[in-house]
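Visitor: Under my numbering, the first residue of the first sequence is numbered 1, with each subsequent residue one higher.
Heads up, the beta-carbon is just placed ideally off N, CA and C, and yes, glycines get one too.
Next up is a structure, given as structure tokens.
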Amino acid sequence: MVNKMSLFKEFIDRGLLAQCTDPETLEKLLDSERVTFYIGFDPTADSLHVGHFLQLKIMAHMQRAGHRPIALLGGGTGMIGDPSGKSDMRRMLSKETIAHNIECFKQQMSRFIDISEGKALFVNNAEWLYNLNYIDFLRDIGPYFSVNRMLAAECYKARLETGLTFLEFNYMLLQSYDFYRLYNDYNCKVQLGGDDQWSNIIGGVELIRRKDGGEAYGMTFKLLTTSEGKKMGKTEKGAVWLDKEKTPPYDFFQYWRNIADADVINCLKMLTFLPLDEIAKYESLRGSELNAAKELLAFELTRLVHGEDEAQKALDAARAIFADGGISDDMPTCTLTAGDFADGKISVIDMLVAAKLAPSKGEARRLIQQGGVIVCDEKVTSLDAALTADDFVSRDVIVKKGKKTFMRYTLA
RNA sequence: GGGAGCGUUCCCGAGCGGCCAAAGGGGGCAGACUGUAAAUCUGUUGUCACUGACUUCGGUGGUCCGAAUCCACCCGCUCCCA
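Put into structure tokens, the structure is as follows:
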């Protein structure tokens with residue numbers, strides 16, 4: 001094991017650790033043995049998002065320190081839906097959707113963790129959950145859970161106000177059983193997860209102890225939240241995805257580049273692998289100097305998720321656009337076709353809609369009326385403004401929506 | 001099974017049979033100020049062929065010149081009793 005610094009301490013120093021069972025023993029265990037651990041991922045969408053990224057980054061941390069990760073895919077638990085910390089019931093997913101999502105997850109995950117030669121495992125809990133016998137399960141596992149305790153769990157608090165179905169109430173038992181199975185079948189001793197998983201993780205640790213007298217551990221990590229306590233990685237348009245089709249690298253980069261001052265340092269610590277002493281240099285920055293830290297954060301994360309090339313392109317594009325007011329080949333581009341033109345012309349309104357800078361023509365109109373649209377450095381003042389096909393031939397047409405959304409138009 | 005309610009635009013939430021595309025708040029977007037930050041102030045926030053038309057208030061039918069508002073049934077949810 002080649003870690004100069006205790007992995008456990010690093011988690012603390014990076015502000016990642018939220019809660020854990022038996023810290024002393026766990027720290028010793030992680031420093032002295034090659035440990036198999038797991039994190040569960042429920043396949044709720046066809047791409048991972050930023051929240052998952054933190055989990056994967058932790059997995060990678062652990063793997064680099066010599067431990068063996070199991071990525072547990074929730075083919076079974078995904079059928080139920082984890083109610084922890086949620087205020088509404090999740091939409092039920094079909095088996096087909098779940099299977100598809102799992103494949104997408106696996107693909108993306110293999111970029112962050114090394115799955116060669118059994119260094120990491122993918123396990124699907126459908127393997128044991130699909131064929132459970134209800135009565136056997138109740139008799140085997142049921143006695144170890146107290147409904148009183150479960151109801152008192154923090155994670156159900158919100159749901160006790162709005163309603164919690166028995167379907168979802170069972171989730172904790174299933175996740176606990178997962179841990180129990182992994183403990184027995186794979187000698188998996190530690191479960192990691194987001195802090196919202198604490199109750200579920202404890203459930204498994206307790207089950208293993210009470211049923212088999214086994215020693216297992218749980219550790220949770222801080223959730224990615226802003227300094228105001230809001231969930232990070234969400235935008236008006238939805239989650240920030242790791243799939244570049246769903247969130248293009250440039251947008252991904254911009255999300256981090258625009259992070260609030262108060263959050264940059266935490267994000268650097270939590271999300272990147274940059275050494276802490278290097279991050280410390282940025283900690284003393286104040287005011288606009290923090291932009292350097294934001295750029296670093298955006299670059300690093302884009303690099304980790306989309307690779308060096310994409311990160312460099314995004315950085316170059318951002319610099320060209322914002323600093324030089326210039327043009328970059330890598331900036332977001334919308335390609336217009338002949339069909340977009342009527343009588344050789346296209347209105348600015350149609351251009352905005354075509355590039356999805358505005359979801360509707362009404363919105364596009366509003367943007368223009370409010371002075372939020374700039375075409376080739378000139379503010380658009382008329383709703384009737386239009387460009388001819390020739391305008392696109394002689395030069396690059398750059399449209400600016402608001403202060404920081406840029407779009408380049410080309411002809412097909 | 002019995003009883004009482006509820007279901008409104010992205011979210012919360014108000015809504016007299018006509019003056020409702022629907023108050024207010026949140027969020028979003030744009031403008032000013034800035035550092036591609038935060039805070040603050042202003043405007044805006046269903047769609048389109050935009051001084052007019054069209055679609056929307058859980059679903060389906062009905063009453064009425066006219067319904068988000070009334071009636072019937074259905075679906076979903078909450079609460080009390082069993």
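Go ahead and label SER199 buried or exposed: buried means 16 or more other beta carbons lie within 10 angstroms of its beta carbon, across all protein chains shown.
Guide: Translated into positions along the first sequence, residue 199 becomes position 199. Looking at its Cβ environment, which holds 16 or more other Cβ atoms inside 10 Å, SER199 is buried.
Visitor: Straight-line CA distance for ILE327 to THR337?
Guide: Taking the first sequence and counting its residues from 1, one reaches residue 327 at position 327. Taking the first sequence and counting its residues from 1, one reaches residue 337 at position 337. For ILE327 and THR337, the distance between alpha carbons rounds to 21 Å.
Visitor: Would you call TYR183 buried or exposed, if buried means 16 or more other Cβ atoms sit within 10 Å of its Cβ?
Guide: Within the first sequence, residue 183 is the residue found at index 183, counting from 1. So TYR183 counts as buried.
Visitor: Distance check for GLU127 and ASP251, CA to CA, integer angstroms please.
Guide: Residue 251 sits at position 251 when you count from the first residue of the first sequence. Residue 127 sits at position 127 when you count from the first residue of the first sequence. In a straight line, the C-alpha of ASP251 is about 37 Å away from that of GLU127.
Visitor: In terms of residues, what are the limits of the beta strand (DSSP E) holding GLU69?
Guide: By 1-based counting over the first sequence, the position of residue 69 is 69. According to the sequence provided, residue 69 is Pro. The question's Glu does not apply to it. Residues 68–73.
Visitor: Applying the criterion that 16 or more other CB atoms from any shown protein chain within 10 Å of the CB defines a buried residue, is GLN369 buried or exposed?
Guide: As a working mapping, residue 369 is identified with position 369 in the first sequence. It is exposed - the Cβ of GLN369 has fewer than 16 other Cβ atoms within 10 Å.
Visitor: By the three-class DSSP mapping on this structure, what secondary structure does ASN124 have?
Guide: If you number the first sequence from 1, residue 124 lands on position 124. Three-state result, ASN124: strand.
Visitor: Ignore the nearest five residues each way along the sequence and tell me which others in ASN3's own chain have a CB closer than 7 Å to its CB.
Guide: If you number the first sequence from 1, residue 3 lands on position 3. Here the model assigns ASN3 a pLDDT of 48, short of 50, so the residue's position is not dependable, and the following value carries that caveat. Taken in chain order, the residues that qualify are ALA65.
Visitor: Let me know the secondary structure DSSP gives VAL190 once reduced to three states.
Guide: In the first sequence, the residue the question calls residue 190 occupies position 190. Strand, per DSSP.
Visitor: For LYS403 and ILE321, what's the separation of their Cα atoms in angstroms?
Guide: Counted from its first residue, the first sequence places residue 403 at position 403. Counted from its first residue, the first sequence places residue 321 at position 321. If I take the Cα positions, the gap works out to 11 Å.
Visitor: Using 8 Å as the threshold, is the C-beta distance between LEU17 and MET270 below it?
Guide: Along the first sequence, one-based indexing puts residue 17 at 17. Along the first sequence, one-based indexing puts residue 270 at 270. Pairing LEU17 with MET270 gives a Cβ-Cβ distance that is not under 8 Å.
Visitor: Ignoring anything shorter than 4 residues, give me the alpha helix (DSSP H) runs that lie fully in the segment 76–123, in order along the chain.
Guide: If we require 4 residues or more, the alpha helix (DSSP H) runs fully inside the segment 76–123 come out as 95–109.
Visitor: Helix, strand or coil for LYS211, going by three-state DSSP, please let me know.
Guide: As a working mapping, residue 211 is identified with position 211 in the first sequence. Correct three-state label for LYS211: helix.
Visitor: By DSSP's criteria, PHE252 is part of a beta bridge. Which residues make up the other side?
Guide: Numbered from its first residue, the first sequence carries residue 252 at position 252. Paired residue(s): none; PHE252 is not in a bridge.
Visitor: Cβ of GLY40 within 8 Å of Cβ of ASP212?
Guide: Residue numbering aside, residue 40 sits at position 40 when the first sequence is read from its first letter. Residue numbering aside, residue 212 sits at position 212 when the first sequence is read from its first letter. Cβ atoms of GLY40 and ASP212: not closer than 8 Å.
Visitor: The beta strand (DSSP E) that contains LYS345, what's its start and end?
Guide: As a working mapping, residue 345 is identified with position 345 in the first sequence. Per DSSP, LYS345 belongs to the beta strand (DSSP E) from 345–347.
Visitor: By the 10 Å Cβ neighbour count, where 16 or more other Cβ atoms means buried, how is PHE294 classified, buried or exposed?
Guide: The count along the first sequence starts at 1 and reaches residue 294 at position 294. One point to set straight first is that residue 294 is Lys, not Phe, in the sequence displayed. LYS294 comes out buried.
Visitor: How many whole angstroms separate the CB atoms of PHE353 and GLY233, which I take to be in contact at a CB cut-off of 8 Å?
Guide: As a position in the first sequence, residue 353 is number 353, starting the count at 1. As a position in the first sequence, residue 233 is number 233, starting the count at 1. According to the sequence as given, residue 353 is Val; it is not Phe. VAL353 to GLY233, Cβ: 28 Å. No contact.
Visitor: Taking all protein chains shown into account, decide if GLU310 is buried (16 or more other Cβ within 10 angstroms of its Cβ) or exposed.
Guide: One-based indexing of the first sequence puts residue 310 at position 310. Burial state of GLU310 is buried, judged by a 10 Å Cβ sphere holding 16 or more other Cβ atoms.
Visitor: Who are the Cβ neighbours of SER227 in its own chain at under 7 Å, not counting the five residues just before and after it?
Guide: Sequence index remark: in the first sequence, residue 227 carries index 227 (1-based). Closer than 7 Å at the Cβ level, and outside the excluded window around SER227, lie ALA260, ALA262 and ASP263.
Visitor: Here's the rule: buried if 16 or more other CB atoms are within 10 angstroms of the residue's CB, otherwise exposed. What is ASP42?
Guide: One-based indexing of the first sequence puts residue 42 at position 42. It is buried - the Cβ of ASP42 has at least 16 other Cβ atoms within 10 Å.
Visitor: How would you call THR302, buried or exposed, if buried means at least 16 neighbouring beta carbons within 10 angstroms?
Guide: Here residue 302 refers to the residue found at position 302 of the first sequence. Buried, because 16 or more other Cβ atoms sit within 10 Å of the Cβ of THR302.
Visitor: Nearest-angstrom Cα distance between LYS57 and LEU73?
Guide: Taking the first sequence and counting its residues from 1, the one referred to as residue 57 is at position 57. Taking the first sequence and counting its residues from 1, the one referred to as residue 73 is at position 73. Whole-angstrom Cα-Cα distance: 17 Å.
Visitor: Would you kindly report the start and end of the unbroken alpha helix (DSSP H) that includes TYR282?
Guide: The sequence position of residue 282 within the first sequence is 282, counting from 1. 276–283 is the extent of the alpha helix (DSSP H) around TYR282.
Visitor: Tell me which residue opens and which closes the alpha helix (DSSP H) that PHE416 is part of.
Guide: No information on residue 416 is available, as it lies outside the stretch 1 to 412 that the chain covers here.
Visitor: Can you tell me whether ARG408 is buried or exposed? The criterion is at least 16 other CB atoms within 10 Å of its CB, across all chains shown.
Guide: In the first sequence, residue 408 corresponds to position 408, counting from 1. ARG408 should be labelled buried.
Visitor: In chain order, what residues of the same chain lie with their CB nearer than 7 Å to the CB of ASN266, ignoring the 5 residues before and after it?
Guide: On the first sequence, residue 266 is found 266 positions in, with the first residue counted as 1. Here the set comprises GLY15.
Visitor: Quick one: grab the DSSP three-state call for PHE53.
Guide: As a working note, residue 53 is residue 53 in the first sequence. Looking at PHE53 - three-state DSSP - the assignment turns out to be helix.
Visitor: According to DSSP, what are the bridge partners of LYS401?
Guide: For the purposes of this step, residue 401 is identified with residue 401 of the first sequence, where counting begins at 1. Answer is VAL373 and THR405.
Visitor: Return the chain-ordered list of same chain residues with a C-beta closer than 7 Å to the C-beta of ALA45, the five sequence neighbours on each side being excluded.
Guide: Locating residue 45 in the first sequence gives position 45, counting from the first residue. So the list reads ASN101, once near-sequence residues are dropped.
Visitor: Of the choices ILE135, PRO23, THR25 and ALA317, whose alpha-carbon is the least far from that of ARG257?
Guide: Against the first sequence, residue 257 aligns to sequence position 257. When only C-alpha atoms are compared, the closest one is ALA317.
Visitor: Cutting at 8 Å between CB atoms, please list the residues of its own chain near PRO248, excluding the five before and the five after it.
Guide: The sequence position of residue 248 within the first sequence is 248, counting from 1. The residues are PRO332.
Visitor: How is MET1 classed by DSSP in three states: helix, strand or coil?
Guide: As a working mapping, residue 1 is identified with position 1 in the first sequence. For MET1, the predicted structure reports a pLDDT of 47, less than 50, and the residue's modelled location is therefore unreliable. The matter cannot be settled from this model.
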